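Participant:
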Amino acid sequence: MEFDDVIQTRRSVHQYSDADIDDETLYDIFEDVRQTPSSFNLQPWEFLVVRGDDLADLQSVAYGQEHVTDAAAAVVVLGTLDPSDHADRVTSDLLEKGYLPSEDAADARLDTVDGLADADSETRRLWTSQSSSLAAMTLMHAAWDRGIASCPMGGFDADALHETFDIGDDYEAVMLVTLGYPEDEAADIERPRKFRRSTDEIVHLDEFDPAAR
């Protein structure tokens with residue numbers, strides 16, 4: 036599928052067919068996801084793919100939303116709250132490949148990351164949510180490129196999610212994304228697209244003039 040087509044035809048879908056998503060297809064999707072850009076290239080994301088009977092447990096922490104169990108799989112998008120988790124090997128790679136000019140530059144970069152790691156919890160939550168949300172969007176586009184529909188979900192009990200799936204407090208539950216082959220007509224690209232604000236309304240060249248006042 037051409038990228039323009041992926042962007043223009045992707046829809047958030049709640050109705051899925053009974054078809055499973057095989058492991059190979061899932062890994063192909065995440066091969067694309069891992070190319071997502073991130074702050075300092077620290078790639079804070081982890082993805083828990085929930086399938087089968089476990090979807091009922093996920094539904095219970097997602098306020099009973101039916102499309103969780105209707106989906107072939109649901110992805111829990113997680114972000115580490117420790118920016119230093121992968122900093123050493125990321126920085127070593129940048130130095131080795133010439134993206135950093137010297138050991139001193141590498142050390143300075145690591146010092147900056149250490150400063151972020153020492154920041155307050157809200158700052159670290161925002162940092163990991165920003166990058167992990169980029170990965171979630173890549174996930175939805177990569178899935179649709181393969182004919183697999185998706186729906187992003189912010190409605191869930193994060194504490195219950197952590198407890199149910201034994202996720203440590205050092206990870207932020209950023210969002211859920213359901214995945215599945217769409218039921219007939221559920222992703223009908225011929226249907227009029229839902230309201231989108233105009234480009235003129237959302238883009239501000241040179242000076243910010245908000246539409247909502």
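No gaps in the numbering here: position 99 of the sequence shown is 134 in this note's numbering, and each next residue is one more. C-beta atoms are modelled at their ideal positions from N, C-alpha and C, and glycine is treated no differently. Every value quoted in this text rests on a predicted model; they were computed, and no experiment measured them.
Quick check on Gln70: buried or exposed, where buried means 16 or more other Cβ atoms within 10 Å of its Cβ?
Facilitator: As a position in the sequence shown, residue 70 is number 35, starting the count at 1. Flag for Gln70 reads exposed.
Participant: Would you mind listing the beta strand (DSSP E) stretches within the stretch 38-86 that are 3+ residues and don't spill past its ends, in chain order?
Facilitator: Runs found: 80-85.
Participant: Starting from Glu207, follow the beta strand (DSSP E) in both directions and report where the run begins and ends.
Facilitator: To locate residue 207, count along the sequence shown from 1; it is residue 172. Taken as a continuous stretch (DSSP letters only), the beta strand (DSSP E) holding Glu207 covers Tyr206 to Gly215.
Participant: Figure out for me which residue from Ser233, Leu214, Arg232 and Asp201 has the closest Cα to the Cα of Leu61.
Facilitator: In the sequence shown, the residue the question calls residue 61 occupies position 26. Taking only the C-alpha atoms, the option nearest Leu61 is Leu214.
Participant: What's the call for Leu161, buried or exposed, on a 16-neighbour Cβ count within 10 Å?
Facilitator: Here residue 161 refers to the residue found at position 126 when the sequence shown is read from its first residue. With fewer than 16 other Cβ atoms within 10 Å, it is exposed.
Participant: Which first and last residues belong to the alpha helix (DSSP H) in which Gly150 is found?
Facilitator: Translated into the one-based positions of the sequence shown, residue 150 becomes position 115. Gly150 -> alpha helix (DSSP H) spans Glu138 to Ala152.
Participant: Exposed or buried, what is Ile56 when buried is set at 16 or more other beta-carbons lying within 10 Å of its beta-carbon?
Facilitator: One-based indexing of the sequence shown puts residue 56 at position 21. Buried, by the Cβ-count rule.
Participant: Quick one: grab the DSSP three-state call for Leu113.
Facilitator: As a first step, residue 113 must be located in the sequence shown, where it is residue number 78. Looking at Leu113 - three-state DSSP - the assignment turns out to be strand.
Participant: Does the beta-carbon of Glu79 have 16 or more other beta-carbons within 10 angstroms, so that it is buried, or is it exposed?
Facilitator: Indexing the sequence shown from 1 puts residue 79 at position 44. As written in the sequence, residue 79 is Pro, which differs from the Glu given in the question. Buried is the call here.
Participant: Which residue's Cα is closest to the Cα of Arg144: Asp155, Pro118 and Ser167?
Facilitator: Taking the first residue of the sequence shown as 1, we reach residue 144 at position 109. Ranking Asp155, Pro118 and Ser167 by Cα distance to Arg144 puts Pro118 first.
Participant: Give the C-beta separation of Glu198 and Leu116 to the nearest angstrom, bearing in mind that I take them to be a contact with Cβ-Cβ under 8 Å.
Facilitator: Residue mapping note: residue 198 aligns to position 163 of the sequence shown, counting from 1. Residue mapping note: residue 116 aligns to position 81 of the sequence shown, counting from 1. 17 Å between Cβ atoms; not a contact.
Participant: Who pairs with Met36 in a beta bridge, going by DSSP?
Facilitator: As a working note, residue 36 is residue 1 in the sequence shown. According to DSSP, which records beta bridges pairwise, Met36 is partnered with nothing at all.
Participant: Give the DSSP-derived three-state secondary structure of Asp119 in the structure shown.
Facilitator: Your numbering for residue 119 matches position 84 in the sequence shown. In the sequence as displayed, the identity of residue 119 is Ser instead of Asp. In the structure shown, Ser119 sits in coil (DSSP, three-state: anything other than H, G, I, E or B).
Participant: Can you tell me the Cα-Cα spacing of Ser137 and Leu130, whole angstroms?
Facilitator: Here residue 137 is taken as the residue at index 102 of the sequence shown, counted from 1. Here residue 130 is taken as the residue at index 95 of the sequence shown, counted from 1. Roughly 7 Å between the two C-alpha positions.
Participant: Using DSSP's beta-bridge definition, name the partner residues of Ser185.
Facilitator: Taking the first residue of the sequence shown as 1, we reach residue 185 at position 150. Its beta-bridge partners are Ser47 and Leu214.
Participant: Taking the alpha helix (DSSP H) that Ala195 belongs to, which residues open and close that run?
Facilitator: What you label residue 195 is simply residue 160 of the sequence shown in a count that begins at 1. Run containing Ala195: Ala193 to Thr199, per the alpha helix (DSSP H) assignment.
Participant: Whose C-alpha, out of Ile237, Leu93, Ala171 and Phe230, is nearest the C-alpha of Ala107?
Facilitator: Within the sequence shown, residue 107 is the residue found at index 72, counting from 1. When each option's Cα is compared against that of Ala107, the closest is Leu93.
Participant: In terms of residues, what are the limits of the alpha helix (DSSP H) holding Gln165?
Facilitator: Counting from one through the sequence shown, the residue named residue 165 turns up at place 130. That run of the alpha helix (DSSP H) goes Ser156 to Asp180.
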